[in-house]
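Beneath this line is the structure, given in structure tokens, with notes to follow.
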Amino acid sequence: MKKAFQALAILALSSGVALASTPVEIMAPIDHIYSPKGFDSNDNTEVIIEGYLPNLCHKAPNSEVKIEGNKINIKVTALRYHPSNPFCPEAIVPFVETVKVGLLDKGNYDIVVNGKSLYEKRGQIEVAEATSNSVDEHVYANVEYVQKQADSREIVLKGYNPSDCFVLDEVNVVDNGKDVYSILPKMKQISDFCPMKLVPFSYKMEVPNNLKQDRVLLHVRAMNGLSVNSLFHNAK
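In this text, residue positions in the sequence shown follow the numbering used here: the first is 742, and each later residue adds one.
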């Protein structure tokens, strides 16, 4: 009888451990949708989502996109482990998720994130008509990181270009009138001979002061259709 009781206790404990270690997919809490300006019908359009995980029981934000006409439905989920998991301390974890929407026709699109849930957010994005057949009309610097300083509008774009035959031509900045600065570090080719050679760079620039939001997104276009996205405290 005693052995049978011990066996049942071990089985119950094992079931509890299994439950604690098996994650469940849930809708992630969403704070804000950022819609960068500057995408056209030949670009892979991106939408940037700001949200948070309630504690360290939640892992790995993931996004899915479904397009229906001029409506972009985005589902952002996270894996939630049982609270009895010993690796679940109470700590809110903010995240910024870059959602690859893909090629879109010219037009205005409505965005719905985590629709029909407690965390539903809505936004809009405009896609312009392309003026060329290439995916990127310009070659952008291979930016990997945005260095920021507290109480300063100066930032540094850092990364590695794949060859020394490209140099920085200009950095253009456009905004969406609300909460995003799109930063376009355009390169120019100075030689036909382009040996593969990683060349580090640091490009300093000052963030404009056109937007009124206390916090804005820096959306930096990068090489090969990529981007680097970083939140910026827009102190006046």
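Backbone N, C-alpha and C fix where the C-beta goes; we use that ideal spot for every residue, glycine too.
On the CB-based measure, 16 or more other CB atoms within 10 Å of its CB, does residue i come out buried or exposed?
| i | result |
| --- | --- |
| F746 | The predicted position of F746 is uncertain, since its pLDDT is 47 and thus under 50; no value can be drawn from it. |
| F934 | exposed |
| Y922 | buried |
| E712 | Only positions 742 to 977 of the chain appear in the structure, and residue 712 is not among them; the question remains open. |
| P824 | exposed |
| T786 | buried |
| A769 | buried |
| H974 | exposed |
| Y886 | exposed |
| G843 | exposed |
| V765 | exposed |
Which of the three DSSP states is assigned to residue i in this structure?
| i | result |
| --- | --- |
| G966 | helix |
| L898 | strand |
| E831 | coil |
| K889 | strand |
| E861 | coil |
| K953 | coil |
| S971 | strand |
| M937 | coil |
| G918 | coil |
| T786 | strand |
| L794 | strand |
| E911 | strand |
From the beta carbon of residue i, is the nearest beta carbon of chain B less than 7 Å away?
| i | result |
| --- | --- |
| H799 | The structure shown contains no chain B; it holds only a single protein chain. |
Kindly indicate which residue of the options has the alpha-carbon position closest to the one of residue i.
| i | options | result |
| --- | --- | --- |
| V957 | D772, T763, P764 and I767 | D772 |
| K979 | M937, V915 and S904 | Past the edges of the chain, shown from 742 to 977, lies residue 979, and the structure says nothing about it. |
| M964 | F780, L925, N874 and K889 | L925 |
| S858 | M937, D846 and T818 | T818 |
| M946 | V897, V788 and S968 | V897 |
| V788 | L797, R863, N855 and T839 | T839 |
Just to confirm the assignment, what range does the beta strand (DSSP E) spanning residue i have?
| i | result |
| --- | --- |
| D851 | G848 to V854 |
| I924 | V921 to Q930 |
| K978 | Since the displayed the chain opens at 742 and closes at 977, residue 978 lies outside it and no answer follows. |
Regarding residue i and the ligand MN, is the C-beta to nearest heavy atom distance less than 6 Å?
| i | result |
| --- | --- |
| V834 | The ligand MN is absent from the structure shown, which contains no ligands of any kind. |
Quick test of the definition: if touching needs 3 or more C-beta pairs under 8 Å, does the segment 793-809 touch the segment 947-959? A contact is defined here as three or more CB-CB pairs under 8 Å, and the segment 793-809 fails this definition with respect to the segment 947-959.
Quick check: the segment 891-907 against the segment 815-830, are there 3 or more CB pairs under 8 Å? These segments do not touch.
Answer yes if the segment 810-822 comes into contact with the segment 777-784, meaning at least three C-beta pairs across the two stretches below 8 Å, and no otherwise. Counting C-beta pairs closer than 8 Å gives fewer than three between the segment 777-784 and the segment 810-822, which falls short of the contact rule.
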